[in-house]
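**Q** So the sequence shown is numbered by this note's numbering: it starts at 1 and just counts up by one.
Cβ atoms here follow ideal geometry from the backbone N, Cα and C, with glycine treated the same way.
One structure, as structure tokens, below. Some questions next.
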Amino acid sequence: MGAEVKKIPWVKKQPVMGTVLRAIAPLVIFSLYLYGWRALLIFLTTNLTAYATEYFFTRRRGEPVTEAVFVTGSLLALSLPPGVPLWIAAVGAVVGIAFGKELFGGFGRNLFNPALVGRAFIFVSFPSQITGAWYEPLRGPIAGFIFYGPHEAVTGATPLAAMASGGGRDLIDLIIGRIPGCIGESSAVLVILGGLYLLYKKVASREIVISALVTYFAAAGLCYLMGWGAPLNPVYAIFAGGLLFGVFFMATDPVSAVASKEGKVAYGAIIGLSILLIRNFGNFPEGTMFAILLGNTFGPIAEMGVKGLKSLRAPEGAHE
């Protein structure tokens, strides 16, 4: 008899990733309400492409595709504008999995958040297609559930860009989600509820979330009072753009984030301060994506520095 061939499952279940998928499910449903069934098509495109890309690599190693691939595909989709061409969404998924994850050896070894690697690539490579893909959300009791997609393109600035120019939307619109934006980050209420669910399940780190939000709010408040940079009211700016979505769902990625409590505080502070610097003084109105990638880059260095300071301050006998 020949050796028995081990059957590789199509998907390796991961309880932590299943928790994340449950947390973002309301955002997916609400995106259909705001932007129609095209939002679901974007969601399917990124997930299927991400799965196919990871399958190509893992089967060559004799390993199963992990459930984390659907987290990457879903987060990428939710971070894209509703009018993004589907082929660009697919390119983002391929780059995110191939270069953000498999290049480092697969699940658990990646240095950067794969969804953000894919988003950053298409943002830099296809800026006109991304910046021209914003739409006003649909209104009404059933809104987008009966439409393929939104009809009214946004000719002006997005809410965050408008605030940076001295304008903006009502705070209630920012909180509920009646604003143009990426398909999954419009409703601050649903993002916060999903984030609190992750904190309750101990999937997301409260040190990272609190550190990032407090650092951003404090620095933004100081800049607002002193008149430094763009005139962003810190209360409005917290709810606008992708800050909450990025902090709760992407910065807390257990693989690309740091491990120690002190390191997580430093990591969150790097992200919060980087968002402030890019939003207030940079050329981009939104800085969450680049800020988290910077956190992925410098977080481990900050963690080493914090540990070094801690060891220096420890009693001499503690080192023996």
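Would you tell me roughly how many angstroms separate the C-alpha atoms of I146 and G92, rounded to the nearest one?
**A** If you number the sequence shown from 1, residue 146 lands on position 146. If you number the sequence shown from 1, residue 92 lands on position 92. Rounded to whole angstroms, I146 to G92 spans 28 Å at the Cα level.
**Q** Are the beta-carbon atoms belonging to F126 and I183 less than 7 Å from one another?
**A** By 1-based counting over the sequence shown, the position of residue 126 is 126. By 1-based counting over the sequence shown, the position of residue 183 is 183. In this structure, I183 does not lie closer than 7 Å to F126 by Cβ.
**Q** Which whole runs of the alpha helix (DSSP H) in the segment 185-222 are 4 residues long or more, in chain order?
**A** Entirely contained in the segment 185-222, the alpha helix (DSSP H) runs reaching 4 residues are, in chain order, 188-200.
**Q** With three or more beta-carbon pairs closer than 8 Å as the criterion, would you say the segment 274-288 touches the segment 201-221?
**A** Contact between the segment 274-288 and the segment 201-221 is present, because at least three Cβ pairs lie under 8 Å.
**Q** Are P82 and A39 touching if we call contact CB-CB under 7 Å?
**A** As a position in the sequence shown, residue 82 is number 82, starting the count at 1. As a position in the sequence shown, residue 39 is number 39, starting the count at 1. Yes, the Cβ-Cβ distance between P82 and A39 is below 7 Å.
**Q** Assuming F249 contacts I29 (C-beta within less than 8 Å), just tell me the rounded distance between them.
**A** Here residue 249 refers to the residue found at position 249 when the sequence shown is read from its first residue. Here residue 29 refers to the residue found at position 29 when the sequence shown is read from its first residue. Going by Cβ atoms, the distance from F249 to I29 rounds to 16 Å, so no, they are not a contact pair.
**Q** Where does K202 land, buried or exposed, given buried means 16+ other C-beta within 10 angstroms?
**A** Counting from one through the sequence shown, the residue named residue 202 turns up at place 202. Exposed: under 16 other Cβ atoms inside 10 Å.
**Q** Roughly how many angstroms lie between the CA atoms of A133 and G308, to the nearest whole one?
**A** Mapped onto the sequence shown, residue 133 falls at position 133. Mapped onto the sequence shown, residue 308 falls at position 308. Each residue's Cα considered, the two are about 46 Å apart.
**Q** Taking DSSP as the reference, what is the three-state secondary structure of V94?
**A** Your numbering for residue 94 matches position 94 in the sequence shown. Correct three-state label for V94: helix.
**Q** What separation, rounded to the nearest whole angstrom, lies between the Cα atoms of V306 and S205?
**A** Against the sequence shown, residue 306 aligns to sequence position 306. Against the sequence shown, residue 205 aligns to sequence position 205. The alpha-carbon atoms of V306 and S205 are separated by roughly 18 Å.
**Q** When DSSP builds the beta bridges, which residues end up paired with K12?
**A** Position 12 of the sequence shown, counting from 1, holds the residue named residue 12. According to DSSP, which records beta bridges pairwise, K12 is partnered with T66.
**Q** Just grab the DSSP bridge partners of A153 for me.
**A** Within the sequence shown, the letter at position 153 stands for residue 153. A153 pairs with Y135.
**Q** Check whether the segment 129-143 and the segment 94-110 touch, using three or more Cβ-Cβ pairs below 8 Å as the test.
**A** Because the criterion of three Cβ pairs below 8 Å is not met, the segment 129-143 and the segment 94-110 do not touch.
**Q** Going by other Cβ atoms of all chains shown within 10 Å of its Cβ, with 16 needed for buried, is F281 buried or exposed?
**A** Mapped onto the sequence shown, residue 281 falls at position 281. Counting Cβ neighbours within 10 Å, F281 comes out exposed, since fewer than 16 surround it.
**Q** Assign F145 to one of three DSSP states: helix, strand, or coil.
**A** Counting from 1 along the sequence shown, the entry for residue 145 is found at position 145. Correct three-state label for F145: helix.
**Q** Is the segment 253-266 touching the segment 293-301 in the sense that three or more CB pairs, one from each, lie closer than 8 Å?
**A** Contact between the segment 293-301 and the segment 253-266 is present, because at least three Cβ pairs lie under 8 Å.
**Q** Between which two residues does the alpha helix (DSSP H) holding K264 run?
**A** Sequence index remark: in the sequence shown, residue 264 carries index 264 (1-based). It spans 261-281 - the alpha helix (DSSP H) in which K264 sits, taken as one unbroken run.
**Q** Between the beta-carbon of T46 and the beta-carbon of G73, is there less than 7 Å?
**A** In the sequence shown, counting from the first residue as 1, residue 46 sits at position 46. In the sequence shown, counting from the first residue as 1, residue 73 sits at position 73. Closer than 7 Å, so yes.
**Q** To the nearest angstrom, how far is it from the Cα of I176 to the Cα of S311?
**A** The count along the sequence shown starts at 1 and reaches residue 176 at position 176. The count along the sequence shown starts at 1 and reaches residue 311 at position 311. So the two alpha carbons sit approximately 46 Å from each other.
**Q** Taking buried to mean at least 16 other C-beta atoms within 10 Å of its own C-beta, is G62 buried or exposed?
**A** Indexing the sequence shown from 1 puts residue 62 at position 62. Exposed.
**Q** According to DSSP, is R22 part of a helix, a strand, or is it coil?
**A** Residue mapping note: residue 22 aligns to position 22 of the sequence shown, counting from 1. Residue state, collapsed to three classes: helix.
**Q** Go ahead and label G194 buried or exposed: buried means 16 or more other beta carbons lie within 10 angstroms of its beta carbon, across all protein chains shown.
**A** The sequence position of residue 194 within the sequence shown is 194, counting from 1. Buried.
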